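Chemist:
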Amino acid sequence: MVVLFVIACIAIPGQRNLDDVLGGLFLLATAIMLCYVLFSLLAWGFTLTLLTSLVQAGRPLTSEQWAAAYMQGGDIGTFAHNRLKLLTGSGLVMTTDDKLAPTAKGLAVTYLVKLVRLSTGLG
Numbered sequence: 033m034v035v036l037f038v039i040a041c042i043a044i045p046g047q048r049n050l051d052d053v054l055g056g057l058f059l060l061a062t063a064i065m066l067c068y069v070l071f072s073l074l075a076w077g078f079t080l081t082l083l084t085s086l087v088q089a090g091r092p093l094t095s096e097q098w099a100a101a102y103m104q105g106g107d108i109g110t111f112a113h114n115r116l117k118l119l120t121g122s123g124l125v126m127t128t129d130d131k132l133a134p135t136a137k138g139l140a141v142t143y144l145v146k147l148v149r150l151s152t153g154l155g
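What follows is the structure, encoded as structure tokens:
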């Protein structure tokens, strides 16, 4: 988006005032941060809940025990099925003939996540 903003500032004819360009940059930065915060709440909220269940156990756990603690008794298969239901329910993944595939929406979200991670230095 920043590259598109710069291209627009160069390519669109007409007079440009420094305060307008800076205002546009601040609006763009605000939008990027808002999207990042919303994404972080979704992604890190789940991760922190997993961490919390590990800490509450008070002892080292195997991955199966950890999944059971998080799922309140379920196994790793239940855990994976729960995550899959979220992905299919949100329209990010579809199932056809017992095979999983990302939807167009799922691909768009994946590319957005990669862009946010790249732009924030998270890889």
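Each residue of the sequence shown is one higher than the last, beginning at 33 in my numbering. Glycine is no exception: its CB is placed at the ideal position from the N, C-alpha and C atoms. All of these numbers come straight from a predicted model, not from anything done at the bench.
Tell me the residue span of the beta strand (DSSP E) that contains Thr127.
Modeler: Val125 to Thr128
Chemist: Assuming Val34 and Leu60 make a contact with CB atoms under 8 angstroms, what is their CB distance in whole Å?
Modeler: 7 angstroms
Chemist: Can you find at least 3 beta carbon pairs, one from the segment 92–111 and one from the segment 65–74, that sit closer than 8 angstroms?
Modeler: The segment 92–111 is not in contact with the segment 65–74.
Chemist: By Cβ distance, which residues of its chain are closer than 6 angstroms to Tyr68, with the 5 residues on each side in sequence left out?
Modeler: Val148
Chemist: Return the bridge partner residues of Leu132 from the DSSP annotation.
Modeler: Thr127
Chemist: For Gly109, which three-state DSSP category applies?
Modeler: In the structure shown, Gly109 falls within a helical segment according to DSSP collapsed to helix, strand and coil.
Chemist: Starting from the C-beta of Thr120, find all residues in its chain whose C-beta is less than 8 angstroms away, skip the five residues before and the five after it, and write them out in chain order.
Modeler: Met126 and Thr127
Chemist: Suppose you measure from the CA of Gln47 to the CA of Leu66; what does that come to, to the nearest Å?
Modeler: Looking at the backbone, the Cα of Gln47 and that of Leu66 are separated by about 30 angstroms.
Chemist: Helix, strand or coil: how does DSSP classify Leu33 here?
Modeler: Per the sequence shown, residue 33 should be read as Met rather than Leu. Reduced to three states, the DSSP call for Met33 is coil.
Chemist: Please list, in chain order, all residues of the same chain as Asp107 whose beta carbon is under 8 angstroms from its beta carbon, the five residues on each side excluded.
Modeler: Glu96, Ala99 and Ala100
Chemist: Between the C-alpha atoms of Asp51 and Cys41, what's the straight-line distance to the nearest angstrom?
Modeler: 13 angstroms
Chemist: Unbroken alpha helix (DSSP H) runs of length 4 or more, entirely within the segment 63–104: which are they?
Modeler: 95–102
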